[in-house]
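Asker: For the record, the sequence lines run as chains A and B. FYI, the numbering for the first sequence is 1 to 196, going by the numbering used here. FYI, the numbering for the second sequence is 1001 to 1217, going by the numbering used here. Don't be surprised by glycine CBs; every beta carbon is placed ideally from N, CA and C. One structure, pasted below without further comment.
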Amino acid sequence: MACHDCDLLHRIPAVADGMTASCCRCGAVLAKPKRNSIDRSLALAVAGLLLFVLANSFPFLGFKVQGQVRETLLLTGIRQLYLQGMPEVAVLVLITTVLAPLAQLLALLYILLPLKLGRLAPGMFHVFRRLRRIEPWSMTEVFMVGILVSVVKLAKMAQIIPGTAAFCFMALIFTLAACMASLDPHEVWNRWEGAR
Amino acid sequence: MRSAAQTAQSAALLSCGVCHLLVRRPAGAGDPAGRCPRCGAALHSRKPQSIARTWALVIAAFIFYIPANVLPITKVTSLGATQSDTIMSGVIYFIQTGMWPIAAVIFIASVFVPVLKLLILLCLVVSVQRRSGWRPKDRTRLYRITEAIGRWSMTDIFVVTILVALVHLGALANIEAQAGAVFFAAVVVLTMLAAMSFDPRLIWDVKEPQDECEYPA
């Protein structure tokens, strides 16, 4: 195979689980097989989808000032931005915190579930290709930093109460990251070639 | 491996950008040189018009960076008093109130990272255009850093989103997003697209394949 960062050709022998094959010229990781890659990613994707539903249906953050409590959903801020005449920013936030993670999870389930049952989902390559393209735009962990900064920023003004959804969202970050990390694309391609 | 190291391009092969399958390049094929037989992605030896696209996006991001920092990103209305904040005035506020860790987070994510990214990309496209053979390994590493850090600049946009959602208490206190946020969001998206359109393999194209190898392939 060719290195994706510098184009040098390599002949890679079968790499043992937990070992890494890197490019001898630029050091890019070429192959990194993981144990039970498909099973683990599938399990984490299912968990992630449940967390995603919870994170979007329960109150996210509560804001208590002078006896008044305001509860917000994950989507409230996006709606507010839209209403304040910032549709571009609202759409960007919607994509990076809601749509991209959801698409990621659904794409993973669509590919992995049939693969686990020894079948192939129709058009799985297109889905897989899009999945790779979506990845950088899914910014759940960055959103978490945003939450922390806002909580500190508002701490003087009022009391912030994290809701159920905030905890689910936090768990979703780790689940999604673990899911993508345990997915070995080469394993997916190998299974596909085996099933054909 | 063959006796002499080769790149996919010099061996008339194409590496699929998605599934990394090696495909023999059909003679006289244009760009894209057909589709990957395994995953169906368009095949390119190098990302198309990588340099021109990266230049365009970097320049656009530089231009948008100015209003993003000059215009206010939020407007706070509290009991009749109105205050507009730019990114820097937010950082200064946190320093003055002694919350320097938060000031550091915002400064790094919103000011330092975008500028660093733009400078690195500028340096990469210029060096590739001048066919520089200078430290290709380190330049590839710089590219990977830009790819990894870009997303963190979104922090400030998310902060604005959350503030706008929470502080919406009518006359008591209200926070509104301002035009600076739009430009800042544009800078983040443009720099991410610029990093995606740059092809690190261009750094290595001036090198002989066996150069810089730490051990024989």
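1) Do you know offhand how far Ala1041(B)'s Cα is from Ser1127(B)'s?
2) Is it buried or exposed, Asp1199(B), if we count other Cβ atoms within 10 angstroms and call 16 or more buried?
3) Hey, out of Gly27(A), Gln84(A), Pro33(A) and Arg25(A), whose CA is closest to Met19(A)'s CA?
4) Among all the DSSP beta bridges, which residues are the ones paired with Glu1176(B)?
5) Just curious, the beta strand (DSSP E) that Arg70(A) is in, first and last residue?
6) The alpha helix (DSSP H) with Arg1141(B) in it runs from where to where?
7) Relative to the alpha-carbon of Leu1169(B), which residue among Ala1103(B), Trp1100(B), Gly1080(B) and Ile1092(B) has its alpha-carbon at the smallest distance?
8) Could you compute how far the alpha carbon of Arg1139(B) sits from the alpha carbon of Leu1190(B)?
9) Within 10 Å of its beta-carbon, does Thr97(A) have 16 or more other beta-carbons around it, so buried, or fewer, so exposed?
10) I'd like to know if Asp184(A) contacts chain B, where contact means its C-beta is closer than 8 Å to some C-beta of that chain.
11) With DSSP collapsed to three states, give me the class of Ile12(A).
12) For a cutoff of 8 Å on Cβ pairs, would you count Ala2(A) as touching chain B?
13) Any contact of the region 80-99 of chain A with the region 147-156 of chain A, i.e. 3+ C-beta pairs under 8 Å?
14) Take Ser1003(B) and list the residues in its own chain whose beta-carbon comes closer than 7 Å to its own, dropping the five residues that flank it on each side.
15) Distance check for Ser37(A) and Ser1045(B), CA to CA, integer angstroms please.
16) Can you name the residues that DSSP bridges to Arg1024(B)?
17) If we cut at 8 Å on Cβ distances, does Glu1208(B) have a partner in chain A?
18) Determine the contact status of Leu106(A) and Trp192(A), defining contact as a CB-CB distance below 8 Å.
19) If we call anything under 8 Å between Cβ atoms a contact, is Leu1043(B) one with Ala1027(B)?
20) Beta carbons nearer than 9 Å to chain B: which residues of the region 163-188 of chain A have them?
21) Just verifying my parser: in three-state terms, what is the DSSP assignment at Arg35(A)?
22) Just to confirm the assignment, what range does the alpha helix (DSSP H) spanning Val1018(B) have?
23) Please give the ranges of any beta strand (DSSP E) in the region 1036-1118 of chain B, keeping only runs that are unbroken, at least 3 residues long and fully inside the region.
24) Can you find a CB in chain A that lies within less than 8 Å of the CB of Gly1040(B)?
25) Could you please give me the residues that DSSP links to Ile160(A) through a beta bridge?
26) Do you know offhand how far Ala1068(B)'s Cα is from Lys116(A)'s?
27) List, in chain order, every chain A residue whose beta-carbon is nearer than 7 Å to that of Cys1165(B).
28) Of all the residues that make up the region 4-27 of chain A, which are near chain B by a beta-carbon distance shorter than 7 Å?
29) Could you give the residue range of the alpha helix (DSSP H) that holds Ser150(A)?
30) So the candidates are Trp1204(B), Asp1205(B) and Ser1197(B); which of them puts its Cα closest to the Cα of Pro1048(B)?
31) Return the first residue and the last residue of the alpha helix (DSSP H) that Trp1204(B) is part of.
32) Is it true that the CB of Ala1008(B) sits closer than 8 Å to the CB of Leu1022(B)?
33) Consider the Cβ of Gly146(A): report whether some Cβ of chain B lies at a distance smaller than 8 Å.
34) Roughly how many angstroms lie between the CA atoms of Val15(A) and Leu30(A), to the nearest whole one?
35) Let's see if you can read the secondary structure: which residues bound the alpha helix (DSSP H) around Arg129(A)?
36) Within 10 angstroms of the Cβ of Lys1117(B), are there 16 or more other Cβ atoms? Answer buried if so, exposed if not.
Answerer: A quick look at the data gives this:
1) Position 41 of the second sequence holds residue 1041(B). Position 127 of the second sequence holds residue 1127(B). Distance between the alpha carbons of Ala1041(B) and Ser1127(B) is about 29 Å.
2) Within the second sequence, numbered from 1, the residue matching residue 1199(B) stands at position 199. With 16 or more Cβ atoms within 10 Å of its Cβ, Asp1199(B) is classed as buried.
3) The sequence position of residue 19(A) within the first sequence is 19, counting from 1. Checked all of Gly27(A), Gln84(A), Pro33(A) and Arg25(A); the closest Cα to Met19(A) is Pro33(A).
4) For the purposes of this step, residue 1176(B) is identified with residue 176 of the second sequence, where counting begins at 1. Partner residues in the beta bridge of Glu1176(B), as assigned by DSSP, are Lys1075(B).
5) For the purposes of this step, residue 70(A) is taken as residue 70 along the first sequence, with counting starting at 1. Per DSSP, the continuous beta strand (DSSP E) segment holding Arg70(A) begins and ends at Gln68 to Thr72.
6) As a position in the second sequence, residue 1141(B) is number 141, starting the count at 1. Pro1136 to Ile1149 is the span of the alpha helix (DSSP H), which, as asked, contains Arg1141(B).
7) Your numbering for residue 1169(B) matches position 169 in the second sequence. In terms of Cα proximity to Leu1169(B), the closest of Ala1103(B), Trp1100(B), Gly1080(B) and Ile1092(B) is Gly1080(B).
8) Translated into positions along the second sequence, residue 1139(B) becomes position 139. Translated into positions along the second sequence, residue 1190(B) becomes position 190. Those two C-alpha atoms are separated by around 21 Å.
9) The count along the first sequence starts at 1 and reaches residue 97(A) at position 97. Buried, because 16 or more other Cβ atoms sit within 10 Å of the Cβ of Thr97(A).
10) In the first sequence, the residue the question calls residue 184(A) occupies position 184. Look at Asp184(A): its C-beta is not under 8 Å from any C-beta on chain B.
11) Against the first sequence, residue 12(A) aligns to sequence position 12. In the structure shown, Ile12(A) sits in coil (DSSP, three-state: anything other than H, G, I, E or B).
12) In the first sequence, residue 2(A) corresponds to position 2, counting from 1. It does: the Cβ of Ala2(A) has a partner Cβ on chain B nearer than 8 Å.
13) Because the criterion of three Cβ pairs below 8 Å is not met, the region 80-99 of chain A and the region 147-156 of chain A do not touch.
14) Looking up residue 1003(B) in the second sequence gives position 3. Because the pLDDT of Ser1003(B) is 39, which lies under 50, any placement of that residue in the model is unreliable, and the number read from its coordinates should be weighed accordingly. By the criterion of a C-beta distance shorter than 7 Å, Ser1003(B) is surrounded by no residue of its chain, once the five residues flanking it on both sides are discounted.
15) Within the second sequence, residue 1045(B) is the residue found at index 45, counting from 1. Within the first sequence, residue 37(A) is the residue found at index 37, counting from 1. Approximately 30 Å between the Cα atoms of the pair.
16) Taking the first residue of the second sequence as 1, we reach residue 1024(B) at position 24. DSSP lists Leu1013(B) as partners of Arg1024(B).
17) Start at 1 with the first residue of the second sequence, and residue 1208(B) comes out as number 208. For Glu1208(B), the answer is no, since every Cβ of chain A falls outside 8 Å of its Cβ.
18) For the purposes of this step, residue 106(A) is taken as the residue at position 106 of the first sequence. For the purposes of this step, residue 192(A) is taken as the residue at position 192 of the first sequence. Contact check for Leu106(A) against Trp192(A) fails: the beta carbons are separated by 8 Å or more.
19) Walking along the second sequence from the start, residue 1043(B) turns up at place 43. Walking along the second sequence from the start, residue 1027(B) turns up at place 27. Against a cut-off of 8 Å, the Cβ pair of Ala1027(B) and Leu1043(B) comes out as no contact.
20) Of all residues in the region 163-188 of chain A, Pro185, His186 and Val188 have a Cβ within less than 9 Å of some Cβ in chain B.
21) Position 35 of the first sequence, counted from the first residue, corresponds to residue 35(A). Here Arg35(A) sits in coil by DSSP.
22) Sequence index remark: in the second sequence, residue 1018(B) carries index 18 (1-based). Unbroken run through Val1018(B): none, as it is neither H nor E.
23) Under the rule that a run must span 3 or more residues, the beta strand (DSSP E) segments found entirely inside the region 1036-1118 of chain B read 1074-1078 and 1081-1085.
24) To locate residue 1040(B), count along the second sequence from 1; it is residue 40. True, the Cβ-Cβ gap to chain A drops below 8 Å.
25) By one-based count along the first sequence, residue 160(A) stands at place 160. Ile160(A) is bridged to Phe63(A).
26) Position 68 of the second sequence, counted from the start, is the residue given in the question as residue 1068(B). Position 116 of the first sequence, counted from the start, is the residue given in the question as residue 116(A). Cα to Cα, Ala1068(B) sits roughly 48 Å from Lys116(A).
27) Here residue 1165(B) is taken as the residue at index 165 of the second sequence, counted from 1. Cys is not the amino acid found at residue 1165(B); the sequence shown has Ala there. Scanning chain A for C-beta atoms nearer than 7 Å to the C-beta of Ala1165(B) yields Thr72, Thr76, Gly77 and Gln80, reported in chain order.
28) Residues of the region 4-27 of chain A with a C-beta atom less than 7 Å from some C-beta of chain B are His4, Asp5, Cys6, Asp7, Leu8, Leu9, His10, Arg11, Cys24, Arg25, Cys26 and Gly27, listed in chain order.
29) Translated into positions along the first sequence, residue 150(A) becomes position 150. Here the alpha helix (DSSP H) through Ser150(A) covers Thr140 to Leu154.
30) For this step, residue 1048(B) is matched to residue 48 along the second sequence. Ranking Trp1204(B), Asp1205(B) and Ser1197(B) by Cα distance to Pro1048(B) puts Ser1197(B) first.
31) Residue numbering aside, residue 1204(B) sits at position 204 when the second sequence is read from its first letter. First-last of the alpha helix (DSSP H) with Trp1204(B): Arg1201 to Trp1204.
32) Position 22 of the second sequence, counting from 1, holds the residue named residue 1022(B). Position 8 of the second sequence, counting from 1, holds the residue named residue 1008(B). In this structure, Ala1008(B) lies closer than 8 Å to Leu1022(B) by Cβ.
33) Within the first sequence, the letter at position 146 stands for residue 146(A). Taking Cβ atoms only, chain B reaches closer than 8 Å to Gly146(A), which makes this a yes.
34) For the purposes of this step, residue 15(A) is taken as residue 15 along the first sequence, with counting starting at 1. For the purposes of this step, residue 30(A) is taken as residue 30 along the first sequence, with counting starting at 1. So the two alpha carbons sit approximately 10 Å from each other.
35) Here residue 129(A) refers to the residue found at position 129 of the first sequence. Arg129(A) -> alpha helix (DSSP H) spans Met124 to Ile134.
36) The residue labelled residue 1117(B) in the question sits at position 117 within the second sequence. By the neighbour-count rule (16 or more Cβ atoms within 10 Å), Lys1117(B) is buried.
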